[in-house]
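Student: Please read through the structure below; I'll follow up with questions.
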Amino acid sequence: MYDFTYYTPTKVVFGREAESQIGNLVREQGCNKVLIHYGGGSAKRSGLLDTVTASLDSAGISYITLGGVVPNPRLSLVYEGIRLSREAGVDFILAVGGGSVIDSAKAIAYGLANEGDVWDFYCGKRTPTACLPVGAVLTIAAAGSEMSNSSVITNEEGWSKRGYNNDLCRAKFAVMNPERTMTLPDYQTASGCVDIMMHTMERYLGHGDTMELTDAMAEGLMRTVMKDAVILRDDPKNYDARAEVMWASSLSHNGLTGCGSDGGDWASHRLEHEIGGMFDVAHGAGLAAIWGSWARYVYRERPDRFAKLAVNVLGVKPAATDEETALLGIAAMEDFYRSIHMPTNMRELGLNVTDEQLEELADKCSATANDNLGKMKVLHRADMLAIYTAAR
Ligand code: NZQ
Ligand code: ZN
Numbered sequence: 002m003y004d005f006t007y008y009t010p011t012k013v014v015f016g017r018e019a020e021s022q023i024g025n026l027v028r029e030q031g032c033n034k035v036l037i038h039y040g041g042g043s044a045k046r047s048g049l050l051d052t053v054t055a056s057l058d059s060a061g062i063s064y065i066t067l068g069g070v071v072p073n074p075r076l077s078l079v080y081e082g083i084r085l086s087r088e089a090g091v092d093f094i095l096a097v098g099g100g101s102v103i104d105s106a107k108a109i110a111y112g113l114a115n116e117g118d119v120w121d122f123y124c125g126k127r128t129p130t131a132c133l134p135v136g137a138v139l140t141i142a143a144a145g146s147e148m149s150n151s152s153v154i155t156n157e158e159g160w161s162k163r164g165y166n167n168d169l170c171r172a173k174f175a176v177m178n179p180e181r182t183m184t185l186p187d188y189q190t191a192s193g194c195v196d197i198m199m200h201t202m203e204r205y206l207g208h209g210d211t212m213e214l215t216d217a218m219a220e221g222l223m224r225t226v227m228k229d230a231v232i233l234r235d236d237p238k239n240y241d242a243r244a245e246v247m248w249a250s251s252l253s254h255n256g257l258t259g260c261g262s263d264g265g266d267w268a269s270h271r272l273e274h275e276i277g278g279m280f281d282v283a284h285g286a287g288l289a290a291i292w293g294s295w296a297r298y299v300y301r302e303r304p305d306r307f308a309k310l311a312v313n314v315l316g317v318k319p320a321a322t323d324e325e326t327a328l329l330g331i332a333a334m335e336d337f338y339r340s341i342h343m344p345t346n347m348r349e350l351g352l353n354v355t356d357e358q359l360e361e362l363a364d365k366c367s368a369t370a371n372d373n374l375g376k377m378k379v380l381h382r383a384d385m386l387a388i389y390t391a392a393r
């Protein structure tokens with residue numbers, strides 16, 4: 002096993018009445034002026050925004066609002082949020098939404114606490130020294146941004162999607178009411194379940210060794226999400242399944258399932274981020290479309306890890322060799338994705354990708370990763386192109 006630091010400073014308030022505590026949670030941070038940041042309208046339509054503002058009002062906290070965050074959140078709105086918040090003297094950013102809203106909130110918080118262009122942090126030119134406090138009121142179980150150290154932003158100039166990881170941006174609190182996720186379109190629920198699976202698998206399918214305890218927690222988490230994703234496909238208002246998946250979203254990406262590992266592979270994520278940047282697809286669905294092609298390209302590096310996943314998570318009966326078991330496991334994971342109406346290639350994702358676009362995806366991915374991607378098998382540009390081509 003590898004040495005590790007486990008740092009999860011986010012206070013979690015979970016359950017049906019969780020929103021009533023928002024005002025007090027901001028007050029606990031010693032803050033008085035909030036930017037409420039939200040998305041395209043679901044939080045308004047559901048009445049959640051009214052609940053949030055009522056809680057802030059009762060705690061005597063003033064606020065301004067900025068909606069309009071879209072999936073694959075845009076840099077231009079981040080700039081607008083920074084400008085509005087500076088003018089209003091905002092000292093706390095409250096994200097009401099999913100990964101896109103939370104990531105946009107984190108970017109605004111970096112921008113407010115540091116001089117210069119916030120995009121510099123996302124393209125690795127500079128490192129921030131501070132971040133305004135951020136809180137999350139979660140409405141979709143998926144990205145895990147409510148407890149992660151990560152923020153992913155898309156720059157419309159060149160349609161580059163870039164992630165930046167730093168503990169400074171970890172949310173001070175996350176308010177999670179599973180009932181709030183019941184208004185999700187089925188496609189978003191399923192896409193979120195894939196993302197949760199993938200955050201766990203990226204860590205589980207690393208090249209190095211890991212801990213038995215970490216493996217067992219990861220396997221339990223994945224089995225639970227697979228079971229509940231199918232329950233939610235048939236019964237979207239099932240509270241217990243919503244709750245299990247929501248908690249799994251946070252635990253899959255707060256570091257817990259990576260303790261003692263080599264940090265994980267993350268190639269599937271980086272390959273998908275280029276697809277999301279160029280074609281604006283739902284992140285989890287994009288992951289489902291690329292994963293099988295990645296897995297078949299790399300499984301021979303650690304067939305034992307893939308075989309363990311196959312047997313312990315997907316219920317595959319061990320075959321004569323680990324390699325055969327691994328392949329059965331990859332097929333079983335794709336069957337699961339199909340069973341919840343997720344794609345297993347880019348065509349099923351709704352894309353008709355040209356040869357030139359495959360080259361562009363490989364160029365962008367290789368450039369962002371300095372032509373050195375992943376740990377299970379280190380991928381260079383030719384490997385990336387081969388995987389994109391197989392996933393077409
Ligand atoms: O904008 P609204 O109207 O709210 O609609 C959203 C959006 O269209 C809708 N939605 C959310 N909650 C809802 C709801 N609709 C009805 N009822 C509700 N309760 O769902 C759509 C997707 O929302 P989004 O926030 O984009 O989803 P998700 O949480 O999957 O976030 C995806 C983004 O997070 C990034 C992805 O790359 C992508 O940009 N990621 C962030 C990570 C992180 N910060 O740690 C890690 C991930 O690997 C990921 O890369
Ligand atoms: Zn993800």
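Quick note on this note's numbering: the sequence shown kicks off at 2 and runs consecutively. For each residue, glycine too, the CB sits at the ideal point set by N, CA and C.
1. Nearest to tyrosine 298 by CA position, among Leu328, Ser101, His284 and Lys238, is which residue?
2. Run through the DSSP bridge pairs and tell me what methionine 279 is partnered with.
3. What does a CB cutoff of less than 7 Å around alanine 44 pick up in its chain, not counting 5 residues either side in sequence?
4. Rounding to the nearest angstrom, what Cα-Cα distance links glutamate 157 and glycine 164 in this structure?
5. Figure out for me which residue from Leu222, Arg243 and Leu214 has the closest Cα to the Cα of isoleucine 232.
6. Would you kindly report the start and end of the unbroken alpha helix (DSSP H) that includes methionine 343?
7. Can you tell which of Gly265, Gly48, Lys34 and Asn371 has the C-alpha that lies nearest to the C-alpha of glutamate 88?
8. Are valine 317 and methionine 223 close, meaning C-beta to C-beta below 8 Å?
9. DSSP on threonine 228, reduced to helix/strand/coil?
10. What whole-angstrom Cβ distance do leucine 206 and arginine 306 have, given they're in contact under 8 Å?
11. Among Leu359, Met212 and Asp372, which has the Cα closest to the Cα of glycine 261?
12. Tell me the residue span of the beta strand (DSSP E) that contains serine 253.
13. Quick check: the stretch 340 to 358 against the stretch 181 to 198, are there 3 or more CB pairs under 8 Å?
14. Report all residues from its chain with a CB closer than 7 Å to the CB of asparagine 150; omit the five preceding and five following residues, and keep chain order.
15. Would DSSP call histidine 38 helix, strand or coil?
16. So what does DSSP say about asparagine 373, is it helix, strand or coil?
17. Quick check on the DSSP output: what are the complete beta strand (DSSP E) runs of length 3 or more inside the stretch 167 to 237, in order along the chain?
18. Would you kindly report the start and end of the unbroken beta strand (DSSP E) that includes phenylalanine 5?
19. Suppose you measure from the CA of glycine 136 to the CA of threonine 66; what does that come to, to the nearest Å?
20. Please state if the CB of leucine 57 and the CB of glycine 24 are separated by a distance shorter than 8 Å.
21. Identify which residue in Ala290, Ala370, Thr322 and Ser77 has its Cα closest to the Cα of threonine 300.
Tutor: Concretely, from the data shown:
1. Comparing alpha carbon positions, the residue from Leu328, Ser101, His284 and Lys238 closest to tyrosine 298 is Leu328.
2. DSSP output for methionine 279 lists no bridge partner at all.
3. Annotation for alanine 44: Leu50, Val97, Gly98 and Thr140 place their beta carbon closer than 7 Å to its own, counting only its chain and skipping 5 residues before and after.
4. Across the structure, glutamate 157 and glycine 164 are spaced so that their CA atoms are roughly 14 Å apart.
5. If we check each option's Cα against that of isoleucine 232, Arg243 comes out closest.
6. Here methionine 343 belongs to no alpha helix (DSSP H), and DSSP marks it neither H nor E.
7. Nearest option by C-alpha distance: Lys34.
8. Not closer than 8 Å, so no.
9. At residue 228 the sequence reads lysine, which differs from the threonine that was named. It is helical.
10. About 6 Å separates the two Cβ atoms, so the contact holds.
11. For the residues Leu359, Met212 and Asp372, the minimum Cα distance to glycine 261 belongs to Met212.
12. First-last for serine 253: undefined, no H or E at that position.
13. Here the stretch 340 to 358 lies against the stretch 181 to 198, with 3 or more beta-carbon pairs under 8 Å apart.
14. Asn166, Asn167, Asp168, Cys170 and Arg171, listed in sequence order.
15. Correct three-state label for histidine 38: strand.
16. Coil, per DSSP.
17. Entirely contained in the stretch 167 to 237, the beta strand (DSSP E) runs reaching 3 residues are, in chain order, 174 to 177.
18. DSSP places phenylalanine 5 outside any beta strand (DSSP E), giving it a letter other than H or E.
19. Rounded to whole angstroms, the gap between the alpha carbons of glycine 136 and threonine 66 is 14 Å.
20. Note that the C-beta distance between glycine 24 and leucine 57 is below 8 Å.
21. Residue identity differs from the one stated: residue 300 is tyrosine in this sequence, not threonine. For the set Ala290, Ala370, Thr322 and Ser77, the Cα lying nearest the Cα of tyrosine 300 is the one of Thr322.
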